[in-house]
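To convert, take the position in the sequence shown, counting from 1, and add 3; that gives this note's numbering. The beta-carbon is built from N, C-alpha and C at its ideal position, and this holds for glycine as well. On a predicted model such as this, the values are computed, not experimentally measured, just so you know. For reference, the structure is listed below as structure tokens.
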Amino acid sequence: MIADIKSNTDTKMQKSIEALRVNLAKVRTGRAHVGLLDHINVDYYGAPTAINQVANVTLIDSRTIGVQAWEKTMISKIEKAIRDGDLGLNPSTNGDVIRVPMPALTEERRKDLTKVVRNESDDAKVAVRNIRRDANEQLKRLVKDKDISEDDERRGSDDVQKLTDKYVIEIDRLLAEKEKELMTM
């Protein structure tokens, strides 16, 4: 039972780390990459659909993303979705290709992005700590139901805390990497 709780806790914490990685990848550093538009949804016949489901997203050069809609009627909707997205991008249409240039980052914008990145890491830490709390509550419930001893519960709590510490260190490492990347452009 304790091993199951530790295993589930570890799995959930790993998912929190992966979610943080995805969120950090969305924060642009001045270089273009196709994953930047992954979270943008387009209204496709009344249903919100990921941009890569209605268009081909490619790199034109290191600072420009190209988006080629599979249907010509979608070009204006895709352009509007990119413009309205939270990335501050200004796409332009050239025939049937939407060009999305990456503007150069100013010092002020870099500092703003650093704050965004810190908020993302804080959210990940909160998620990890919530997972720890849930695991500890499960252990206490097992003691209350007399399925395990208090010593087993204490050892299980210590193991859960070690997992928490490991993942908080990983979150801090990812944050430091992203901040360094943002500030050295």
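For this session: Starting from the C-beta of V146, find all residues in its chain whose C-beta is less than 7 Å away, skip the five residues before and the five after it, and write them out in chain order.
Result: Counting only Cβ-Cβ distances below 7 Å, and skipping sequence neighbours, we find E153, E156.
Exercise. Beta carbon of K18, beta carbon of A138: below 9 Å?
Worked result: K18 is not a Cβ neighbour of A138, given a cutoff of 9 Å.
Problem set entry | Three-state secondary structure (DSSP) of R66 | Correct three-state label for R66: coil.
For this session: Report the residue from S79, S160, D125 whose alpha carbon sits nearest the alpha carbon of L177.
Result: Checking every option, the nearest Cα to that of L177 belongs to D125.
Problem set entry | Straight-line gap, T52 to A58 (C-alpha atoms, nearest Å) | Each residue's Cα considered, the two are about 10 Å apart.
Problem set entry | Same chain, Cβ closer than 6 Å to N26, neighbours up to 5 away in sequence not counted | Excluding residues up to 5 positions away in sequence, E123 lie with their Cβ nearer than 6 Å to the Cβ of N26 in the same chain.
Problem set entry | Contacts around I78, its chain only, beta-carbon distance under 8 Å, and the 5 residues preceding and following it disregarded | When the five nearest sequence neighbours on each side are left out, the beta carbons in the same chain lying within less than 8 Å of the beta carbon of I78 are those of A72, T96, D99, I101, in order along the chain.
For this session: Excluding the 5 residues preceding and the 5 following V37 in the sequence, name in chain order all residues of the same chain whose CB lies nearer than 7 Å to its CB.
Result: Excluding residues within five positions, the ones whose Cβ falls inside 7 Å are V60, T61, L62, I68.
Exercise. What three-state label does DSSP hand D46 in the structure shown?
Worked result: D46 falls in the strand class under three-state DSSP.
Problem set entry | Nearest residue (CA-CA) to A28, options I54, V120, V129, D162 | For A28, the closest alpha carbon among the candidates I54, V120, V129, D162 is that of V120.
Problem set entry | Integer-rounded CB distance, given that L116 should sit under 8 Å from T12 | Actually they do not touch by this definition, with Cβ atoms about 32 Å apart.
For this session: Tell me whether G159 is buried or exposed, calling it buried when 16 or more other Cβ atoms sit within 10 Å of its Cβ.
Result: The residue is buried, with at least 16 neighbouring Cβ atoms inside 10 Å.
For this session: Look at the alpha carbon of V129 and the alpha carbon of M16, and state the distance between them as a whole number of angstroms.
Result: Roughly 11 Å separates the two Cα atoms.
For this session: Quick one: give me the first and last residue of the alpha helix (DSSP H) that N93 is part of.
Result: Per DSSP, N93 belongs to no alpha helix (DSSP H) and is neither H nor E.
Exercise. Is R112 near the ligand NAD, judged by its Cβ being under 8 Å from some heavy atom?
Worked result: With respect to the ligand NAD, the structure shown offers nothing to examine, as it has no ligands at all.
Exercise. What do you reckon, are the CB atoms on L40 and V70 nearer than 9 Å?
Worked result: Between L40 and V70, the C-beta spacing is below 9 Å.
For this session: May I have the straight-line CA-CA distance separating A107 from M4, to the nearest angstrom?
Result: C-alpha of A107 to C-alpha of M4: approximately 53 Å in a straight line.
For this session: Determine the closest residue to L23 out of M186, T187, K181, with distance taken between C-alpha atoms.
Result: Residue K181 is the option with its Cα nearest to L23.
For this session: Quick one: grab the DSSP three-state call for T190.
Result: Past the edges of the chain, shown from 4 to 188, lies residue 190, and the structure says nothing about it.
Exercise. Taking buried to mean at least 16 other C-beta atoms within 10 Å of its own C-beta, is R144 buried or exposed?
Worked result: R144 counts as exposed, since fewer than 16 other C-beta atoms from the protein chains shown sit within 10 angstroms of its C-beta.
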